[in-house]
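Chains as they are written, first to last, in our numbering: chain A, 3 to 205; chain B, 3 to 205; chain C, 3 to 205; chain D, 3 to 205. Built from N, CA and C at the ideal position, the CB exists for glycine as well. Notes to accompany the following structure.
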DNA sequence: CATGAATGAGGCTTCATTCAT
DNA sequence: CATGAATGAAGCCTCATTCAT
């Protein structure tokens, strides 16, 4: 009755859905996936509860849509890097990191982030979505590294992602940490990961 | 170790509390802080709901106790490092990482981990607990680095913590990643963070 | 008549609310404000518990609505007196007292009455409602006395109200008291309060 | 197992009971008969819950004891009047009213008062206690009036009791009423009830 | 005489979801 | 396309009472 995938491709419908996703995201950020109620979300959309169910047949589906939207946004961050000439990758990536961290009020989007990770541990559908998205991003990033002539791209990718996955948790556990100081530490690491042989000796 | 108030120090009471915390942790891991019900927790403890409230006056308080227990466990991991002779720190730390990752079924304890981080975003008490604990661990770790004669201990600490905070998220998003391969990547990073100047040029 | 907030003025909604108030009143009379359960009230309304909360957001609010309804009914008793020509006030008031006491099964509505007074001692909102209503009734009654040319209207009002406030308690503590006998005693008192100088010497 | 009447007449036991009644009264005044919990009462007594049940086999029984204690106190107020010479009754009663109202912080003891009346409506045992006590007091008061040579003692008694039963409700609904002004009104009324023919024409 | 651990039914309230209009 | 009335299970928590120690 309500296909997650084969939704009608009416433009109005899609626009409405996007608006709802945006509102729901706000509620989820404020109260968590389990703390936010469907009626509160409906109210935030200026919409009746019943009508909400015309667009999303269950809360589960709405959560998935919100998660997917966030994953898409995360993937978009690679677009810029892909448009760079390969030889400038290392330097520009580091600069980009600096820009994001210094000129962004909420650089890590921690709220939805942890909500998603927590949910993924109990909800296989969400877990799969994260994993599929991660594979896409890894592949794209690996391709970037390869085009830049960097060796061992998988390992470097994994390393970089581990790093950036850790930053949101650090922001929560150590919020008074100065951004500038963090940037000073991160930039050389990024450059190293992008450009320099990081394993001295192989077994 | 962490009394919310001046709890009576009856030994039986404390033992019971610890048992409840253990059971509750299991339920929270299975269903999340908000998904696990007090009655299910009581059942898991072999106890009536009402009686649960003789030990924890609210779900909130029980969650805090579980969180504190996990934080204490995390802090304990530093104990071993502190018992090492300073000059062996770098090498032993790397070896310890390897041991943990390779010989442990659930090395990251991701479940409670993310549940805590997600909760910390809406629950100031939990957030504070994480931050207080983080400060403690940072200070202890810095002291280790200083005793080992390493410069810029704060930055190195932050870097290392970012790294290890990222691993759980990586495990969720990229579960098929081979542990051995990950270890191969991590060990040199750890060594570098422990021992080597990581900033080539200072401004 | 007494909106807690700016309730929507949907007629259906208001009718339903009134029905619920009536049913709740019945339950409160039978079991008291604290003895009556929301689920029993819902059942008495032929309604699910959850739905009750679409009309009253808490038991507290429902209690307030029931109290206000009773207070409004009490105030209505003045309507008739106000429609009388001033010179007939004394005689008609006494006759009215007789009518109420003799031709009414439950002339004092003691049940809700004492429930309200008991509740007012712990619930400031209820206390305030009683006091506001009392002021309104006193003012209206004073105006009546003034229009009838009676002196010292405030004191007479207070006296009369003390009297009639005492009757419900008497009915409870002395239920076998004959009504007719009581009326014989009351009528001259009422007449005296309405018409005759009751203080022999004024300062 | 636990006789309400034939309790052991051990002096210690009785003293303890009296202490508990005093503490329970405090709790009942603060939270009402239904709002006060047995464990809170036990705590107020510095006693364990279980032990409380050695003195009162149920909450119901405790409530009854508290009610009886209050009724006994009310009856005691007649003692003084009974010790007066009959001819001074009218004047002294009025003066006594004045003394009570002007030199007493809580002259009406409204809290327990209304709690009792509300409870009496649903609890036949309590109702009976009030009624038995009321009969005793009426009889004693009638005897006083008769000894003072006053006619129609029953009616006068009922009238006076109605008056004084109304004052607590007035105190709740019109708390800002000045005491002095009230006394000025009451004193002549009391005198009239005690001493003067109040019905102009008898049938 | 005294404790407090233990029970489990019942309290108020919220929730995702459905359906008649 | 849109509403909001309606459901009832489940949520957290409190209570009077009992019983082993």
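Nonlocal neighbours in the same chain, by C-beta distance under 8 Å from residue i, ignoring five residues either side
i, result
"residue 158/C", "147, 152, 195, 196 and 200"
"residue 93/C", "193"
"residue 12/B", "none"
"residue 27/C", "68, 71, 72 and 114"
"residue 129/B", "122 and 123"
"residue 53/A", "44"
"residue 49/A", "22"
Test item: CB-CB of residue i and residue j under 9 Å
i, j, result
"residue 175/A", "residue 163/B", "yes"
"residue 124/B", "residue 32/A", "yes"
"residue 104/B", "residue 185/B", "yes"
"residue 133/B", "residue 87/A", "no"
"residue 223/A", "residue 127/A", "This structure cannot settle anything about residue 223/A, because the visible part of chain A is limited to 3 through 205."
"residue 109/B", "residue 24/B", "no"
Proximal residues to residue i (C-beta, below 6 Å), its chain only, five neighbours per side dropped
i, result
"residue 29/B", "38, 42, 43 and 46"
"residue 142/C", "80"
"residue 89/A", "none"
"residue 135/A", "73"
"residue 150/D", "88 and 91"
Nearest to residue i (by Cα), restricted to the options the options
i, options, result
"residue 55/C", "138/C, 73/C, 105/C and 40/C", "40/C"
"residue 114/D", "103/D, 170/D, 49/D and 184/D", "170/D"
"residue 154/A", "166/A, 140/A, 165/A and 173/A", "140/A"
"residue 168/C", "100/D, 52/D and 119/D", "119/D"
"residue 189/B", "131/B, 130/B and 98/B", "98/B"
"residue 179/A", "53/B, 181/B, 160/B and 69/B", "160/B"
"residue 183/C", "48/D, 182/D, 156/D and 70/D", "156/D"
"residue 209/D", "85/D, 100/D and 53/D", "For chain D, the structure presents residues 3 to 205; residue 209/D sits outside this window and is missing."
"residue 166/D", "129/D, 107/D and 100/D", "100/D"
Neighbourhood of residue i by C-beta, 7 Å cutoff - its chain only, sequence neighbours within 5 removed
i, result
"residue 218/C", "Shown here, chain C extends from 3 to 205; a query on residue 218/C therefore has no answer."
"residue 17/D", "none"
"residue 35/A", "65, 117 and 121"
"residue 57/A", "18, 19 and 22"
"residue 203/D", "Its pLDDT being 43, under 50, residue 203/D is placed unreliably in this model, and the value from its coordinates should be taken loosely. Closer than 7 Å at Cβ, skipping near neighbours: no residue."
"residue 7/B", "Low confidence applies to residue 7/B: its pLDDT is 43, below 50, so where it sits in the model is not reliable enough to give any reading."
"residue 181/D", "103 and 104"
"residue 51/D", "40, 41 and 44"
"residue 77/B", "135, 138 and 139"
"residue 75/C", "none"
- Quick one: which residues of the region 154 to 168 of chain D get their C-beta closer than 9 Å to a C-beta of chain C? List them in chain order. 154, 156, 157, 158, 160, 161, 163, 164, 165, 166, 167 and 168
- Query: Quick one, which residues of the region 59 to 77 of chain B are near chain A if we go by CB-CB under 7 Å, in chain order?
  - Reply: none
- Using a Cβ-Cβ cut-off of less than 7 Å, give me the residues of the region 27 to 47 of chain B that come near chain A, in sequence order. 33, 34, 36 and 37
- Contact set between the region 174 to 186 of chain B and chain A, restricted to residues whose Cβ is under 9 Å from the partner: 174, 175, 176, 177, 178, 179, 183, 184 and 186
- For the region 98 to 123 of chain C, which residues have a beta carbon sitting closer than 7 Å to at least one beta carbon of chain D? 112, 113, 116, 117, 119, 120, 122 and 123
- Query: If you measure beta-carbon to beta-carbon, which residues of the region 124 to 136 of chain A are closer than 9 Å to chain B?
  - Reply: 124, 129, 132, 133, 135 and 136
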